[in-house]
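Position one of the sequence shown corresponds to residue 1 (my numbering), numbered consecutively onward.
Ideal Cβ positions, reconstructed from N, Cα and C, are used throughout, including at glycine.
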Amino acid sequence: MIALRCSGGCDVAPSDHDALSCAQCGDLLAFELRADAFGAQAVDENARLRRASLDPKDRSGVWRFRELLPPVAEDAITTLREGDVPLIDAPRGAAYAGVAQLAYLHLGVNPTASFKDAGMTVAISHARERGARVAVCASTGNTAASMAAYAARAGLTAVVIAPVDGISAAKVAQTLDYGAHVVAVEGDFDDALRAVRALDPATVAVVNSVNPYRIEGQKTAAFVLLEQRRWAAPDWVVLPGGNLGNASALGKGFREAHAIGLTTSAPRLAVVQASGAAPFARAWRDGGDLVPVRAETDATAIRIGAPASWKKARAEVRASGGTVLDVADGEIAEARAVIGRDGVGCEPASAASLAGLRRLVADGSIKPDADVVCVLTGHVLKDTAYAARYHASDAAHANAIVRGVDLADYLNLLLLTHA
Ligand code: F0G
């Protein structure tokens, strides 16, 4: 019902469940679901009953859809109740972008505060079932923290390879707290990922999003989004793109939900990159293959120049009738501050979604009456140094700390101006 295949379309089914790429063509592997083997009503009913259960596996937004995942032995499942994230109405964001209807799918409301947990619970559970002792990843910070937490729960040793000076200190500290070995490398994420992909996946569990089990977990974000809308798809889903695992995962999730009949349509996907790290946006515009770049952006989570999953992501964006674009760091900073004013905090990379939506409305690609969901991939506390810098600046939405005032006078002034 769900089988591992070459994502490039080779006929030979991989026999090795630790492999990450096709032995024949080198493309990444992907699970393929036989949608006709599932009944929409049964999937929905199972999810509904499990939401009311007290078993952590049932309450997980990932494992309550376990029939749609590669099978993992019950006793290997390592869960922190991830994936059960809210869809939050976003009136200020909607006004900012110029659309009638906007909500945020807040994947930062996960156990380690990023979307990675939905994929990591599946990848680490699988690794545990296979008897792996060591889990490894390259990371711009969030994969590292997520792997470290789930490895700790599963009793695996975690090793992170990361450009520690170029990523958020909060994420590094979080990862150290969960007990992972953090190996600092010269160079950037792309160098670190290259080193990790050269390891033998039969010896250590490589849990970057090149691991197809990660993608399967992350696709459930699409189900959780649709479930909260009573399986009515929005017109567009907008999300940031770095290594492009998440765009391929969400696209797959929506495609499967549609094929199973859970929903009558699938949303169009818009993938947004930071302009200094936008090889996918360029390849999309040119219609050619992806040409890696040396990446530079303040949104350090997506400072990635050679995204591993670009072919999968392109296939999903095409299948959805979607688009790919890039936005400047200044647009990301402003959008992030606006998201804050909805009472919802996210890290810089996440805000590329709202910045991208604003652009797509301005250029007419998305109509003002569209029903849109922006995916927020990480929590505001993931990068407080960035937020503090922004508010100390003279940027449009900066909110400076008030110093040296008389409190009574100041409150009176506020009462007058907010009468
Ligand atoms: N948003 C955040 C907050 C991220 O941490 C990442 C990627 C992305 C978006 C992009 O997702 O790579 O699937 O396209 N972070 C990875 C990491 C690379 O190591 O934490 P993607």
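How many Å lie between residue i and residue j at the Cα?
i    : j    : result
G155 : T263 : 39 Å
A266 : A335 : 26 Å
W236 : L407 : 46 Å
V207 : A151 : 10 Å
V204 : A100 : 48 Å
A138 : A259 : 34 Å
N412 : R403 : 16 Å
L20  : A198 : 11 Å
A221 : G253 : 7 Å
H391 : F38  : 50 Å
C6   : D342 : 42 Å
R64  : A419 : 48 Å
E227 : D409 : 49 Å
R51  : E129 : 25 Å
V160 : A149 : 12 Å
A40  : W231 : 10 Å
L54  : G345 : 29 Å
T377 : I124 : 20 Å
A144 : K367 : 38 Å
Among the options, which one has its Cα closest to the Cα of residue i?
i    : options                   : result
V185 : M147, Q218, T140 and S350 : T140
L244 : V224, P292, A308 and R197 : A308
S365 : A249, G321, G187 and Y386 : G321
T300 : A257, A349 and A281       : A349
D289 : G276, A306 and A277       : A306
V183 : L193, A362 and P163       : P163
A370 : E347, A388, A315 and A95  : A95
L325 : A195, D286 and V344       : D286
V109 : G261, D84, I167 and D89   : D84
L80  : L357, A247 and P111       : P111
E45  : L107, E67 and F115        : E67
R396 : V373, T377, K382 and I332 : First, the residue type needs correcting, since residue 396 is Ala and not Arg in the sequence shown. If we check each option's Cα against that of A396, I332 comes out closest.
I167 : A192, A3, Y178 and A158   : A192
Could you tell me which residues DSSP pairs with residue i in its beta bridges?
i    : result
T157 : V134
Y104 : I88 and C374
S21  : L28
I302 : DSSP lists no partner for I302.
Q41  : None, per the DSSP bridge assignment.
A274 : V327
R268 : W236
Check for me: the beta strand (DSSP E) holding residue i runs from which residue to which?
i    : result
D371 : D371 to L376
R389 : Taken as a continuous stretch (DSSP letters only), R389 belongs to no beta strand (DSSP E), being part of the alpha helix (DSSP H) at T384 to H391.
W236 : W236 to P240
L4   : I2 to C6
D420 : Past the edges of the chain, shown from 1 to 419, lies residue 420, and the structure says nothing about it.
H181 : H181 to A184
Residue i lies in the alpha helix (DSSP H); which residues open and close that run?
i    : result
A202 : Careful: A202 lies outside any alpha helix (DSSP H) and carries neither H nor E.
R319 : It is Ala, not Arg, that sits at residue 319 in the sequence shown. Taken as a continuous stretch (DSSP letters only), the alpha helix (DSSP H) holding A319 covers W310 to S320.
K367 : First-last for K367: undefined, no H or E at that position.
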